[in-house]
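K.L.:
Numbering (the numbering used here), first residue to last: 13 to 115.
No residue lacks a Cβ here, since even glycine has one placed at the ideal position from N, Cα and C.
To start, I am sharing the structure in question, which I have written as structure tokens.
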């Protein structure tokens, strides 16, 4: 469950989702499964909207968040490995999703 992320970190990621052309951010991996150790990394799948070109800036801003944990990003697109996509769909927990009135 995403409760393994601090509320402050969850809120920061959600704000970033709103600040960029992001449709959805999904937590996956050990933290989503509830199997994380205190030092486990944070795996995030980022579903961007068409026209999103700020991958570097988005990743840099994530790196600036107050956490000692490594954050691994996967930008999901048509080239994303099918096995990884299945894994994200099965175990992922949506932590940000653009609302219809944000468009």
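Is it buried or exposed, residue 29, if we count other Cβ atoms within 10 angstroms and call 16 or more buried?
P.N.:
On the chain shown, position 17 is the one that residue 29 refers to. Buried.
K.L.:
Mind reading off the beta-carbon distance from residue 64 to residue 104? Whole number of angstroms is fine, and I expect it under 8 Å.
P.N.:
For the purposes of this step, residue 64 is identified with residue 52 of the chain shown, where counting begins at 1. For the purposes of this step, residue 104 is identified with residue 92 of the chain shown, where counting begins at 1. Going by Cβ atoms, the distance from residue 64 to residue 104 rounds to 19 Å, so no, they are not a contact pair.
K.L.:
Here's the rule I'm using: 16 or more other beta-carbon atoms within 10 Å means buried, otherwise exposed. How should residue 23 be labelled?
P.N.:
Numbered from its first residue, the chain shown carries residue 23 at position 11. With fewer than 16 Cβ atoms within 10 Å of its Cβ, residue 23 is classed as exposed.
K.L.:
Looking at the secondary structure, which residues open and close the alpha helix (DSSP H) in which residue 103 lies?
P.N.:
To locate residue 103, count along the chain shown from 1; it is residue 91. Start and end: 94-103.
K.L.:
So, at 6 Å on beta carbons, what are the nonlocal neighbours of residue 13 in its own chain, with the 5 sequence-adjacent residues on each side left out?
P.N.:
For the purposes of this step, residue 13 is taken as the residue at position 1 of the chain shown. Confidence at residue 13 is low in this model, with a pLDDT of 46, below 50, so the placement of that residue is unreliable and no value is reported for it.
K.L.:
Can you tell which of 50, 25, 92, 93 has the C-alpha that lies nearest to the C-alpha of residue 75?
P.N.:
On the chain shown, residue 75 is found 63 positions in, with the first residue counted as 1. Nearest option by C-alpha distance: 25.
K.L.:
Using a Cβ-Cβ cutoff of less than 6 Å, which residues in the same chain neighbour residue 83 once the five nearest sequence positions on both sides are dropped?
P.N.:
Counted from its first residue, the chain shown places residue 83 at position 71. Closer than 6 Å at the Cβ level, and outside the excluded window around residue 83, lie 54, 74.
K.L.:
Take residue 56 as the anchor and find which of 19, 20, 111, 88 has the nearest alpha-carbon.
P.N.:
Taking the chain shown and counting its residues from 1, one reaches residue 56 at position 44. If we check each option's Cα against that of residue 56, 88 comes out closest.
K.L.:
Which residue comes first and which comes last in the beta strand (DSSP E) that contains residue 40?
P.N.:
As a first step, residue 40 must be located in the chain shown, where it is residue number 28. Note, residue 40: beta strand (DSSP E), 34-40.
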